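The structure appears right after this line, and notes come after that.
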Amino acid sequence: MSNHTHDSSLLPTPEGASATGTHKTEQARSVEVKCGPLLNFQRMNDQIWYGSVLIVTSRGHNIENTTIPELSMTTGKSDLDRLEDEQERFSNSTENCDAEDEKHAVRGTMLYSDLENTFWRFTLKISMRNYEIKCQYSFPDLFFPAHGKSLPQTFFIPAISESMRIMFHSCNGFSVGTDEDAYSGACLWNDVSRVHNKSPFHVMIGGGDQIYNDGVRVKGPLKCWTDITNPHERERFIFSKKLEEACDKYYVNNYLQWFALEPFASCNGQIPQLNIWDDHDIIDGFGSYVDRFMKCSVFRGIGRVAHKYYLLFQHHLVPSLPVPNADDVQVKDTGGAKLGSEGPVINFEQCELNSISNYIIGAKPGPYLVERSLSIYTKLGARIAFLGIDARTERTRNQVNYPETYDIIFDRLRKELDEAKKTSAVNHLIILLGIPIAYPRLTWLENIFTSPLIAPIKFLNKRFGYGGSFFNHFDGNVDLLDDLDGLSVDHYTARTHKKERLFLMHQLQAIASEYSVRISILGGDVHLAAVGRFYTNPKLHVPIIKDHRYMANIISSAIVNKPPPQAVANLLAKRNKIHHLDENTDETLMKYFNGDQGTIQKSRSNLVTMPRRNWTMLTENYDTSSQRINGSDSAQKNLHSDIVFNLESVKDGHSSLHGGEVDAGTAHKAANPEEHGHGFDGSLDVSIRVEIDQHDRQGKTQAYGMTIPKLTMRDATE
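Under UniProt numbering, the letters of the sequence shown match residues 1 to 718, in that order.
Written as structure tokens, this is what we have:
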């Protein structure tokens, strides 16, 4: 099979880059890769896939003479497409007509460099085809400590007519004090790899807490601050230049260690990431403490540092915030001026976020961060769109996002959906909120924790330590703990967010109705799995395929962090009442987790919350994708008939609302890898994969499935 160089207009090689993609000098080989590759998906526009790869290298003594690294890539048909071509040629006796593999050379762009690390981004721009593309890349001139030379990494881009196969996760780290070995580390990433190797994911969505930086207050430079017992003294504590430098070093080293840790690291280089942050990416509870405390010098400072590395590691963007020794920062100008050998170096040429079309910039800076929120809209293939709302940057105890930011988000969403109708209308819109929005309440517990009755206990805690960890380490208020996150002011279901929650859901309902798009919501944060749903009151007898209020909230958490005790999950399940969002809309959790599987100890009476580590996969049931996976052919159409979604009668939300919820759990077709995504009706298969045994370092899981129907508000003739 012949090879040729990729069209430079589709994958530009900067001026001065080698045509063959190599600068094999001894100096380049001596540059050590400290982290990466980290693969990032940005957007899809005009049948072009945009993404990037990030690596972090050790910084030499003289950055002025550092050789710019290059990425070498080959793209071509995926193995499954090649197999189908071979079968077709054999049956039709046709000649070999394979599309030629294409070779690419991409020169790195230095985003940022401090005294120890240099961040390199390799921007990818790849034309999509009518077949799935297999991309294999490496860094020939760089040294990887684990295996010496750069081993080839592979990722996949869907065909033009195909929607992405999606992986979703949240809470990718351990809380402070967790016995990590007792939970076999981050072993569920082994399960992700196993599934990916059989049927590759095109994107992995991070729903927040991709890293846990809370250790900065326990074993890091903020310990001196958290050891101060008086909250008022903590408020007055100055985030000095020296402290900021120490925190900066802690955060970058924590990222370097965690993102390079197997088996998570292997997935980072093979599945493109699409991330929105949450509090642990900054520090536990950021944004949800009392206002005067959130405005203190330390919280503002730690927010700056966390945001800087969030942009670098999770979005491959240059930090636009002040960095340590800001007076010594050197700017790399567009003319390619030489770089100095001392102090941080930042490439401000790459700072313009407004030019990157997948980002939706907030209306104004957050109340405790000097940066604006960074939400994301992008297509996930042919018929699925994604909207990730940054629910942390603007957060306070009384709001999640500014009203003006919601206006910007929904104006942009309507614009994108209008544009999509001209070519390929969006059938499914996936909303990432990070935290659950359809979730049980324990209002009585909230009332107790905020009542005057708790004041004497708070006083004893402040003066004598009475109550221990019942109170948080920062502002002295009651700590509802990670196990009961769903009850805290952090969540949409909290009393303080009730009006905002209602507004948000009504906006989503309007979008669903206006564009005949099925909306599904992803959420994490709570360290257990569940499926909540909003739906039209059954008394109104709206068929499910025409019910624009039906929205499933897939709650999948945590892929790494420890789950809450079974008793906490049971408490939430007992509070699983049918709530009325408004006069037309009900909400409740569905019965999803049927029976015991393997060594999972599951309460027989609790079928709605699963306190085990987990992650989720979502795949559209569509003709093109279902015929291609696992080499299946047109005979696959007769293997499984499409689901009949409309049920003759629905009692209430404690029962199945449609055919895709009937037999939800382990016996559902979406839970079976041989059937998942192998339908033809445009519905969406959902499979939550739950850890069987926390002591199994292979991270084996049991799958629980359901199917979400398309929304058809209007007949095809309308």
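Positions of the beta carbon are idealized from the N, C-alpha and C atoms, including for glycine. Just so you know, these numbers come straight off a predicted model, no measurement behind them.
Q. With respect to the alpha helix (DSSP H) encompassing LEU250, which residues constitute its N-terminal and C-terminal limits?
A. Note on identity: in this sequence residue 250 is Tyr, with Leu being the wrong assignment. First-last of the alpha helix (DSSP H) with TYR250: 241-259.
Q: Specify the secondary structure class of PHE156 as computed by DSSP and reduced to three states.
A: strand
Q: Rounded to whole angstroms, what's the CA-CA distance from GLU32 to ARG495? Just pull it up for me.
A: 51 Å
Q) Which of helix, strand or coil does DSSP assign to HIS316? A) coil
Q: Look at LEU684 and THR712 and say whether their C-beta atoms are less than 8 Å apart.
A: Going by C-beta atoms, LEU684 is not nearer than 8 Å to THR712.
Q) Between PRO200 and the rest of its own chain, which residues show a CB-CB distance below 6 Å, the 5 nearest in sequence each way excluded? A) PHE156
Q | Where PHE680 sits in the DSSP three-state scheme | A | coil
Q) For the candidate residues THR536, VAL195, TYR515 and ILE68, whose alpha-carbon lies nearest to that of LEU111? A) ILE68
Q.
For THR74 and GLN136, which I take to be in contact (beta-carbon distance under 8 Å), what is that distance rounded to the nearest angstrom?
A. 5 Å
Q.
Rounded to the nearest angstrom, what separates THR66 and MET294 at their Cα positions?
A. 41 Å
Q. Is ASP214 near HIS307, with beta carbons less than 8 Å apart?
A. When the beta-carbon positions are compared, ASP214 and HIS307 stay at least 8 Å from each other.
**Q.** Helix, strand or coil at ALA385 according to DSSP, with G and I counted as helix
**A.** Assignment of ALA385 by DSSP, reduced to helix, strand and coil, places it in the strand class.
Q: May I ask you to report which of helix, strand or coil DSSP gives GLY303?
A: Here GLY303 sits in helix by DSSP.
Q) Can you list, in chain order, the stretches of the beta strand (DSSP E) that have 3 or more residues and sit fully within the segment 176-207? A) Within the segment 176-207, the complete beta strand (DSSP E) runs of at least 3 residues are 203-206.
Q: Can you tell me which of the three DSSP states LEU639 falls into?
A: Note that LEU639 scores a pLDDT of 44, beneath 50, so its modelled location is shaky and nothing firm can be said.
Q: Please report the residue range of the beta strand (DSSP E) in which PHE534 lies.
A: 530-536
Q.
Are the CB atoms of ILE276 and GLY381 within a distance shorter than 8 Å?
A. no
Q | Nearest residue (CA-CA) to SER556, options CYS171, ASN606, GLN42 and LYS219 | A | CYS171
Q.
Using only the alpha-carbon positions, how far apart do ASN427 and THR585 sit?
A. 22 Å
Q: On the DSSP bridge assignment, give the partners of GLY287 in chain order.
A: GLY287 pairs with nothing; no bridge assigned.
(Q) How far does the alpha helix (DSSP H) with SER150 in it extend, from its first residue to its last? (A) Run containing SER150: none; DSSP gives neither H nor E here.
Q: Locate the beta strand (DSSP E) running through TRP225, then write down its first and last residues.
A: Unbroken run through TRP225 is the alpha helix (DSSP H), 223-226; no beta strand (DSSP E).
Q) Out of curiosity, what's the CA-to-CA distance linking GLU674 and GLN702? A) 14 Å
Q) For the candidate residues GLY677, TYR704, ASN621 and TYR492, whose alpha-carbon lies nearest to that of GLU661? A) TYR704
Q) Per the contact definition of three or more C-beta pairs closer than 8 Å, is the segment 389-407 in contact with the segment 167-185? A) Note that the segment 167-185 does not touch the segment 389-407; fewer than 3 beta-carbon pairs, one per stretch, sit closer than 8 Å.
Q: Kindly provide the ranges of any alpha helix (DSSP H) runs that are 4 or more residues long and lie completely inside the segment 28-55, ordered along the chain.
A: none
**Q.** Backbone secondary structure at LYS710 - three-state DSSP
**A.** coil
Q: Please name the residue in LYS103, GLU245 and SER655 whose C-alpha comes closest to that of GLU116.
A: GLU245
Q) Taking buried to mean at least 16 other C-beta atoms within 10 Å of its own C-beta, is THR25 buried or exposed? A) For THR25, the predicted structure reports a pLDDT of 42, less than 50, and the residue's modelled location is therefore unreliable. A value from the coordinates is still provided. Counting Cβ neighbours within 10 Å, THR25 comes out exposed, since fewer than 16 surround it.
Q.
On the CB-based measure, 16 or more other CB atoms within 10 Å of its CB, does GLU620 come out buried or exposed?
A. buried
Q | N- and C-terminal bounds of the alpha helix (DSSP H) containing THR405 | A | 403-421
Q: Going by CA-CA distance only, name the one from GLY108, TYR212 and ASP46 that's closest to ASN561.
A: Comparing Cα-Cα distances from ASN561 to each of GLY108, TYR212 and ASP46, the minimum goes to TYR212.
Q. By DSSP, does SER266 sit in helix, in strand, or in coil?
A. The answer is helix: DSSP assigns SER266 an H, G or I state.
(Q) Considering just the uninterrupted stretch of the beta strand (DSSP E) at PHE119, what are its terminal residues? (A) DSSP places PHE119 in the uninterrupted beta strand (DSSP E) bounded by 117-127.
Q. For PHE534, which option in ARG518, HIS527 and PRO611 has the closest C-alpha, if you only look at C-alpha atoms?
A. ARG518
Q) When burial is assigned at 16 or more other CB atoms within 10 Å of the CB, is THR229 buried or exposed? A) exposed
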